[in-house]
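**Student:**
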Amino acid sequence: MTNPAVRIVEVGPRDGLQNESVRVSVADRIRLVDDLADAGLRWIEAGSFVSPRWVPQMEGTAEVFAGVARRPGVVLSALVPNPRGLEEAIAAGADKVAVFAAASETFSQRNTNGSIAEVLGRLGPVIDAAVARGLPVRGYVSCALGCPYEGSVPVSRVVEVAGWLAERGCREVSLGDTIGVGTPIAAREMTAAVISGIGTERTAVHFHDTNGQALANVFACLDLGIAAVDASVAGLGGCPYAPGASGNLATEDLVTMLEGMGVATGVDLDRLSRAGERICRTIGRPSQSKAAMAWRARHPY
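Numbering follows our numbering, with no gaps: position 111 of the sequence shown is 121.
1) Please classify residue 263: does DSSP put it in a helix, a strand, or coil?
2) Between residue 205 and the rest of its own chain, which residues show a CB-CB distance below 7 angstroms, the 5 nearest in sequence each way excluded?
3) In chain order, which continuous runs of the beta strand (DSSP E) of length 3 or greater are located wholly inside the region 104-130?
4) Anyone know if the C-beta pair for residue 96 and residue 55 falls short of 9 angstroms?
5) Between the Cα of residue 80 and those of 118, 40, 181 and 161, spot the shortest distance and give me the residue it belongs to.
6) According to DSSP, is residue 175 helix, strand or coil?
7) Given this structure, state the Cα-to-Cα distance separating residue 77 from residue 195, to the nearest angstrom.
8) With a CB to CB cut of under 7 angstroms and the five nearest residues on each side skipped, what residues in its chain are close to residue 146?
9) Less than 9 angstroms between the beta carbons of residue 51 and residue 84, yes or no?
10) Can you list, in chain order, the residues of its chain with a C-beta nearer than 8 angstroms to that of residue 176? Leave out the 5 residues immediately preceding and following it.
11) Thinking C-beta only, is residue 74 closer than 9 angstroms to residue 241?
12) When DSSP builds the beta bridges, which residues end up paired with residue 213?
13) Short of 8 angstroms in beta carbon distance, which residues of its chain neighbour residue 171, apart from the five on each side in sequence? Order them along the chain.
14) Closest to residue 179 by C-alpha separation, out of 199, 272, 71 and 134, would be which residue?
15) Give every residue of the same chain whose Cβ lies closer than 8 angstroms to the Cβ of residue 121, excluding the five residues on either side of it in the sequence, and list them in chain order.
16) Rank 88, 231 and 35 by C-alpha distance to the C-alpha of residue 67 and give the top, closest one.
17) Between residue 300 and the rest of its own chain, which residues show a CB-CB distance below 7 angstroms, the 5 nearest in sequence each way excluded?
18) Thinking just about the alpha-carbon of each residue, which of 200, 137, 192 and 156 is nearest to the one in residue 169?
19) Looking at residue 60: is its Cβ nearer than 9 angstroms to the Cβ of residue 91?
20) With residue 244 as the anchor, note down where its alpha helix (DSSP H) starts and where it stops.
21) Count the other CB atoms within 10 Å of the CB of residue 304; is the residue buried (16 or more) or exposed (fewer)?
22) Under the criterion of a Cβ to heavy atom distance below 8 angstroms, does residue 100 qualify as lining the ligand PLP?
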């Protein structure tokens, strides 16, 4: 049964911007997070504490956390790859942290320089330390519906990685269609299999829109009782492993669909669209959101 309310986890300031070719200033990133919170989004991934050598777009994340207006009820999270990143996130005042693994051996080796088992072994102490400090942890599983190197990924492997993360201490596990090859039936079957292991309340979905299927994939999973859906304002992002990929599911499109179904989001679509318009002007590209395009036509100035 579809949840009467679905938490939208806004990943634009992190997963969106880190895949954009244009470097966005700390001031503009602060403004983006503030705009998203003003629009009513309550779960925002504000950045990541990774080496700027590997992800230069995320340089200055500590300054972003220092500069945003902290609001009651707004949870600001950060991606952390290792113990140092965790300590930096704690020092910056992150309310929540996230870690990531992959369901593809080849992707894991090429993206994180280790096998699935090795990466999980590295993440164990990070999760343990965060839990010991009372900090909620979210886990990401990349390549949940396909890999750029291996093609199909066994659902059993997704279930195994998600189960490990949940058992180790992740309060929520987000299932990522990293290259956007999933279709509704496959998305539903994979998500249902994970839910059978860790439950609906700990399962989130994260669909990229490479082939225009992200919104349909979410719809196919809603009646499983999904508690959280990831999205990115203006469809920010992309994937270096999927040429032509248009990025994440656009938050504006997700809000439009959910509200049309009677599912409460608490998000002001007008303010959200303005936030998307502002950041798209900053990076010099049009929004990928269909709902935002319709909004722009109604607000030409």
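All C-beta atoms, glycine included, are put in the ideal place defined by N, C-alpha and C.
**Tutor:** Looking at the coordinates:
1) DSSP, read as helix, strand or coil, puts residue 263 in helix.
2) Cβ within range, chain order: 213 and 234.
3) 106-112
4) Contact: no.
5) 40
6) helix
7) 42 angstroms
8) 106 and 181
9) yes
10) 149, 183, 207, 208 and 212
11) no
12) 183
13) 111, 112, 113, 126, 130 and 151
14) 134
15) 112 and 152
16) 35
17) 263
18) 200
19) Their beta carbons are under 9 angstroms apart, which means residue 60 touches residue 91 by this criterion.
20) First-last for residue 244: undefined, no H or E at that position.
21) exposed
22) Absence of the ligand PLP from the depicted structure is noted, as is the absence of any ligand whatsoever, leaving it without description.
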